[in-house]
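Asks:
Protein chains in written order, with the numbering used here: chain A, 1 to 439; chain B, 1 to 354; chain C, 1 to 261; chain D, 1 to 309.
(1) Check for me: the alpha helix (DSSP H) holding residue 85 (chain A) runs from which residue to which?
(2) Using a Cβ cut-off of 8 Å (strictly closer), state whether residue 104 (chain A) contacts chain D.
(3) Can at least three beta-carbon pairs, one atom from the region 329-346 of chain A and one from the region 70-77 of chain A, be found at a separation below 8 Å?
(4) Mark residue 33 (chain B) as exposed unless 16 or more other C-beta atoms lie within 10 angstroms of its C-beta, in which case mark it buried.
(5) Would you verify that the beta carbon of residue 35 (chain D) is, or is not, closer than 8 Å to some beta carbon of chain B?
(6) Look at residue 320 (chain A) and residue 356 (chain A) and say whether their C-beta atoms are less than 8 Å apart.
(7) Going along the chain, which residues of the region 269-283 of chain B sit with their C-beta nearer than 9 Å to a C-beta in chain D?
(8) Between which two residues does the beta strand (DSSP E) containing residue 301 (chain B) stretch?
(9) Between residue 262 (chain C) and chain B, is any beta-carbon pair separated by less than 8 Å?
(10) May I have a chain-ordered list of the beta strand (DSSP E) segments no shorter than 3 residues that lie completely inside the region 54-81 of chain C?
(11) Am I right that residue 250 (chain D) and residue 294 (chain D) are in contact with their C-beta atoms under 8 Å? What's the rounded C-beta distance?
(12) Pull up the distance between the alpha-carbon of residue 84 (chain C) and that of residue 205 (chain B), whole angstroms please.
(13) Does DSSP put residue 420 (chain A) in a helix, in a strand, or in coil?
(14) Do we get a CB-CB distance below 8 Å when we pair residue 188 (chain A) with the residues of chain F?
(15) Residues in the same chain with beta-carbon distance under 6 Å from residue 218 (chain D), minus the five sequence neighbours each way, listed in chain order, please.
(16) Between the Cα of residue 196 (chain D) and the Cα atoms of D:166, D:69, D:183, which residue gives the shortest distance?
(17) Leaving out five residues before and five after residue 84 (chain A) in sequence, what residues of the same chain have Cβ atoms less than 7 Å from its Cβ?
(18) Would you check if there are 3 or more beta carbon pairs closer than 8 Å linking the region 101-116 of chain C to the region 141-148 of chain C?
(19) Between residue 92 (chain D) and chain B, is the shortest Cβ-Cβ distance under 8 Å, so that the two count as touching?
(20) Under the three-state reduction of DSSP, which class applies to residue 208 (chain A): helix, strand or coil?
(21) Tell me the DSSP bridge mates of residue 19 (chain C)?
(22) Distance cutoff 8 Å, beta carbons only. Does residue 70 (chain A) sit that close to anything in chain B?
(23) Between the alpha carbons of residue 61 (chain A) and residue 308 (chain A), how many angstroms are there, rounded?
(24) Against chain A, does residue 50 (chain D) count as a neighbour if the rule is that its beta carbon must be under 8 Å from one of theirs?
(25) Would you list the residues sitting across from residue 101 (chain C) in a DSSP beta bridge?
(26) Please return the same chain residues whose Cβ sits closer than 6 Å to the Cβ of residue 236 (chain C), not counting the five positions on each side in sequence.
(27) Thinking just about the alpha-carbon of each residue, which of A:369, A:329, A:371 is nearest to the one in residue 352 (chain A)?
(28) Which chain B residues sit within Cβ distance under 8 Å of residue 89 (chain C)?
(29) I need the DSSP call for residue 385 (chain A), collapsed to helix, strand or coil.
(30) Flag this pair as touching only if the region 126-140 of chain A and the region 370-387 of chain A have three or more C-beta atom pairs under 8 Å; answer yes or no.
(31) Note down, in chain order, every chain B residue with its Cβ under 8 Å from the Cβ of residue 165 (chain C).
(32) Can you check whether the CB of residue 190 (chain A) is closer than 8 Å to the CB of residue 153 (chain A)?
(33) Tell me which residues share the same chain as residue 173 (chain C) and place their Cβ nearer than 6 Å to its Cβ, disregarding the 5 neighbours each side in the sequence.
(34) Using DSSP with H/G/I as helix, E/B as strand and the rest coil, what is residue 190 (chain C)?
(35) Can you give me the Cβ contacts of residue 270 (chain D) inside the same chain, cut-off strictly under 6 Å, excluding the 5 residues immediately before and after it?
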């Protein structure tokens, strides 16, 4: 058996490599890790469609300074070991992968260990490990636009404001209903920090994968009567949470979801019941901006749309678009230094991400006016922005219901530093020097 | 014509008791090892190592461990993933808490902890039989998963509950490149395979099989069911634990309990049954089949340049996989190992049918 | 008949009663077995013969009564202790280890005598290997004795019934038992198979001087080979003595007239 | 006290649904000795079929009456499940007669993989709605007695009632109808059943169809609660401790076991959970069943196994 499989697999793998080898000279290869199947598919699919559609758009507009984009999808099913297999499968293709975006905290953890060896950057826009903001330790991780600590911090700020000042949170109860996995646990340290500062009580209620069994959780909530519920769910867990909230009569107005619990699939089939439910917006919300019109015009109208047309402009779709845009702009930025119209390798792209300077003008030019705020990263700060807004579901669509909040770096910075230090110590890494930052 | 035992007379029982009494088999194995240890590291591309060979070896080891329990002692377990998890997290703790502890010791330590947990959850087997036991072992699965998510001490208080290791080395040699990792796993797997083979062909192996085949008769002969069953659980979960540690340390590098979920347990049971219950070699066949098949299936479209929607491809993989499972169970319920030995028999008497 | 002198009492069953739920299987049975003798237990189906053997080697535990074996007395045996003390047993409807080879089946009979620990066995080294060999040699002697050399490596599941019966006997003999309990060793055999089996049993009794308690239906066989006979009917003892005494006992006669032919 | 009652009720109602899924296991195990791990996949498959046809039928027929649509959809789903049962018998079980229990178990896992893939590539893999007009808003009872009253989720209540009705129906079917008796005969002894002229394969098709029907009902109930989506196939896991607690071969066992597990789970989560960091219900059920088995290895109502020599 083994003997039989070795040559077969070897041959096939060889075939893959060789095709990669003589891949057309002027193409930049983007691997696309997706999950279009399994428990989390309903949320994974629109993101993937947005991501791919944007790559198609860039090609339709002539590529990155003339460099065409090639891409290949690989199905991870949100499972870590499948994710690793996909990573290994795609990292060598098309002359070398540009950047990976696993859209899974679990996979991110695994790839964080592998990426440095292969010199391939990871973008984890709005997820991943919060301490990876510290670029001096996490050279290859880019949690652009925000981490879970940012999200949690903004939520606390918002409910504080709603109470009329953070000091008013004293004696209040906030329940965190979270997906029992690294993803769901990320915000806990920050919330505990804030709880200490403002003297509110934090009740943590884990929900086991995939999150369809929440009756007990919500009975607890009904009994402990928290003033607010933060929902850290993904996939079917979100809609289930809303349904149980209805079934146990917890007011949706007092529920706040993270930006992964604030999209159409989470509320659609709950319908009117979800009216009043709030969720964070990772900068952008839903709706058609210029970039969407371009995609409709240059991709969908050409019959090349990846998903259904009416999906364009949805929350997760747009997040996919933004993620792809960030990846592409990293390459563009790298080209400015290492040569326009050239193919960038992982190391060069990393520099690009480290020196992103997407000001409002650039964003408007790209068609992202009104979708997001400027992002500017540095060697030390791999996040680039820490802003978010609250959006509210009115029964048919998401509307913004707050203006911008910026996460309090006073609180997050030290946490990031100490966590990153701990990681560096475990891995026996030394912080990067200014010289290294120039590279 | 080449495969014959004619003229190979065994003059002593010692000769007769060799693992591979037939010369050609010995040569075959020698060649196989030569290829595995020398040729493969030289020839195979990185993807083959990282995505196929290393997972194959580690899961084959786990399947080997499970096979001792299910195949030899007849105790069905659906908690294998849990024992892998115990091995992995225990090894992790040994590594981070004991400064400069050699990797091998950490792995074996992981194995030992898995043994303890395994025996603990094996105790019900003294009263519960068959499918009841199988489902009961799920208790281990879910409890252990939960414990590693909840008790932050196990994960060295990492905020996310995910742990990671790096800078692996054995006797001063680093285990970083795929080749090194592959050879390290291969060495461990070969050693364990030999040890396991010795066990199952020795006294304890006979006790396990006796319990499996006819427990009353076994006890009449003087075999103590308690000792036989618990020793099977112990040996099995030790091997499984080491495999788990390897899975975390060598393959993933960073993991969370989800890496050892119930799906893993089922996957391993598949390997054992498809490969062949009560066969060391079967564990390898099964592992190869279950690891390689899905990858081949969902790579196939790209290799043959058929553009196919990712979701559809994944679903087709599911369907083909399920169908093949059923197909093999129908064709040869005793697993690939049986097919293999039948093939050998045919070859031995070829060209004469009888 | 064989010429070896019967020794003194080795096994005594004293007033044994056994019941499953309400059903009485045995009611106050008593009898004894002397060293080196061949003791037969006969009786119609469901007379409780097998249950009696199961009590003797502790598979069942009787509600009342004692079993005295080699001077020690037990209110209830357990299989392991019985085995350790040298009681071996074959089964009415074969209880061989179907998945294992003839050789391995017999080797299990030696397990009690194997001392080397798991680690040594795993390394298959030094004492472990040597031990394995010694016992292999012993088992080979039994294989020769039972004339099944050709089937050493065959899975017992694949053997014809008659041969399986032999393996069953061989497995018991491998234990070098002091007392051998045979549960219908000739059931379902044809004439010459029976003759072979008789020969084996007598030889065992002769050469190894093993005491034998056997259950058998075939009256002819019983009368030929056994020194003394116990007769059971509906779980009660209705006769005990030499074949001739039993044959002439009225209770036995009508018990049998009542059931057979 | 009020909260205790709520938890108890919640547990009982969830338990009723567990019983329903468990029943699927028991039926098949009784008649064919197969421990059917495909039960979960069948629930998902049935739910997907129902949900999608409920969407499509209006398009095709222009039908507008919700009740009719749902009935039609369920009807179609039932036909499909019968087809599945027939195919499974033909292509899988029929070929695996008197194999080891564990081999059959693995075969059903194979079937499960196939159904998961097939169902989703046929019907899609987004979240779909089953709207059988279940009331969503809860009612508060006994407000006089306890402060805050006792909250009763009407949806769960109805679901539980439907489940209970179905369970009762099946119990009757087993006791009264000739087919039911035939099934029981098969369960007790395959050879004997055949000898008195019961065609096994026919029986198996029937049983799997009945299990398919149970899957539909379970699928519709869970589906309208959670939305129809891959995760539905995981509800079957919740039924495993139920079947071993109740005994693999006992219909009443499935019912009582379901209630015990349901209540045990919820009480443990709500009252023990907070002290243990939460999320314990996932293993509590199993540990409960395990401890129970130590006392009664054959489960609550399972037949005792005596091995004779």
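Think of the CB as a built atom: it goes at the ideal place given N, C-alpha and C, for glycine as much as any other residue.
A quick note: this is a predicted structure, and the numbers were derived from the prediction, not measured.
Replies: Let's see:
(1) By 1-based counting over the first chain, the position of residue 85 (chain A) is 85. Residues 80-91.
(2) Sequence index remark: in the first chain, residue 104 (chain A) carries index 104 (1-based). No, because no Cβ of chain D sits closer than 8 Å to the Cβ of residue 104 (chain A).
(3) At 8 Å Cβ cutoff, the stretches do not touch.
(4) Start at 1 with the first residue of the second chain, and residue 33 (chain B) comes out as number 33. Counting Cβ neighbours within 10 Å, residue 33 (chain B) comes out exposed, since fewer than 16 surround it.
(5) Taking the first residue of the fourth chain as position 1, residue 35 (chain D) is located at position 35. So yes, residue 35 (chain D) belongs to the interface.
(6) Looking up residue 320 (chain A) in the first chain gives position 320. Looking up residue 356 (chain A) in the first chain gives position 356. Going by C-beta atoms, residue 320 (chain A) is not nearer than 8 Å to residue 356 (chain A).
(7) 269, 270, 273, 274, 277
(8) Taking the first residue of the second chain as 1, we reach residue 301 (chain B) at position 301. It is not in any beta strand (DSSP E) - residue 301 (chain B) instead sits in the alpha helix (DSSP H) that spans 280-303.
(9) Limits of chain C in this structure are 1 at one end and 261 at the other, which puts residue 262 (chain C) out of reach.
(10) 64-69, 72-74
(11) Residue numbering aside, residue 250 (chain D) sits at position 250 when the fourth chain is read from its first letter. Residue numbering aside, residue 294 (chain D) sits at position 294 when the fourth chain is read from its first letter. Their Cβ separation, rounded to whole angstroms, is 19 Å, which puts residue 250 (chain D) and residue 294 (chain D) out of contact at 8 Å.
(12) Here residue 84 (chain C) is taken as the residue at index 84 of the third chain, counted from 1. Here residue 205 (chain B) is taken as the residue at index 205 of the second chain, counted from 1. The alpha-carbon atoms of residue 84 (chain C) and residue 205 (chain B) are separated by roughly 20 Å.
(13) Translated into positions along the first chain, residue 420 (chain A) becomes position 420. The three-state reading of DSSP puts residue 420 (chain A) in helix, counting H, G and I together.
(14) Chain labels in this structure do not include chain F; the protein chains are A, B, C and D.
(15) The residue you call residue 218 (chain D) lines up with position 218 of the fourth chain. Closer than 6 Å at Cβ, skipping near neighbours: 20, 21, 43.
(16) Position 196 of the fourth chain holds residue 196 (chain D). Considering only alpha carbons, the answer is D:183.
(17) Position 84 of the first chain, counting from 1, holds the residue named residue 84 (chain A). Taken in chain order, the residues that qualify are 110.
(18) yes
(19) The sequence position of residue 92 (chain D) within the fourth chain is 92, counting from 1. It does: the Cβ of residue 92 (chain D) has a partner Cβ on chain B nearer than 8 Å.
(20) Within the first chain, numbered from 1, the residue matching residue 208 (chain A) stands at position 208. Of the three classes helix, strand and coil, the one that applies to residue 208 (chain A) here is coil, per DSSP.
(21) Here residue 19 (chain C) refers to the residue found at position 19 when the third chain is read from its first residue. According to DSSP, residue 19 (chain C) bridges with C:24.
(22) Position 70 of the first chain, counted from the first residue, corresponds to residue 70 (chain A). Cβ-Cβ to chain B under 8 Å: no for residue 70 (chain A).
(23) For the purposes of this step, residue 61 (chain A) is identified with residue 61 of the first chain, where counting begins at 1. For the purposes of this step, residue 308 (chain A) is identified with residue 308 of the first chain, where counting begins at 1. Going from the Cα of residue 61 (chain A) to the Cα of residue 308 (chain A) covers about 22 Å.
(24) Numbered from 1 along the fourth chain, position 50 holds the residue referred to as residue 50 (chain D). No - not a single Cβ of chain A is within 8 Å of the one on residue 50 (chain D).
(25) Position 101 of the third chain holds residue 101 (chain C). Residue 101 (chain C) pairs with C:155.
(26) Taking the first residue of the third chain as 1, we reach residue 236 (chain C) at position 236. Taken in chain order, the residues that qualify are 27.
(27) The residue labelled residue 352 (chain A) in the question sits at position 352 within the first chain. It is A:329 whose Cα lies nearest to the Cα of residue 352 (chain A).
(28) For the purposes of this step, residue 89 (chain C) is identified with residue 89 of the third chain, where counting begins at 1. The answer, in chain order, is 220.
(29) If you number the first chain from 1, residue 385 (chain A) lands on position 385. Coil, per DSSP.
(30) yes
(31) In the third chain, counting from the first residue as 1, residue 165 (chain C) sits at position 165. By Cβ distance, chain B contributes nothing, its closest Cβ being about 14 Å from residue 165 (chain C), past 8 Å.
(32) Counted from its first residue, the first chain places residue 153 (chain A) at position 153. Counted from its first residue, the first chain places residue 190 (chain A) at position 190. Taking 8 Å as the Cβ cut-off, residue 153 (chain A) and residue 190 (chain A) qualify as a contacting pair.
(33) Start at 1 with the first residue of the third chain, and residue 173 (chain C) comes out as number 173. These residues qualify, in order along the chain: 142.
(34) Stepping through the third chain from its first residue, residue 190 (chain C) is reached at position 190. Residue state, collapsed to three classes: coil.
(35) Along the fourth chain, one-based indexing puts residue 270 (chain D) at 270. Here the set comprises 7.
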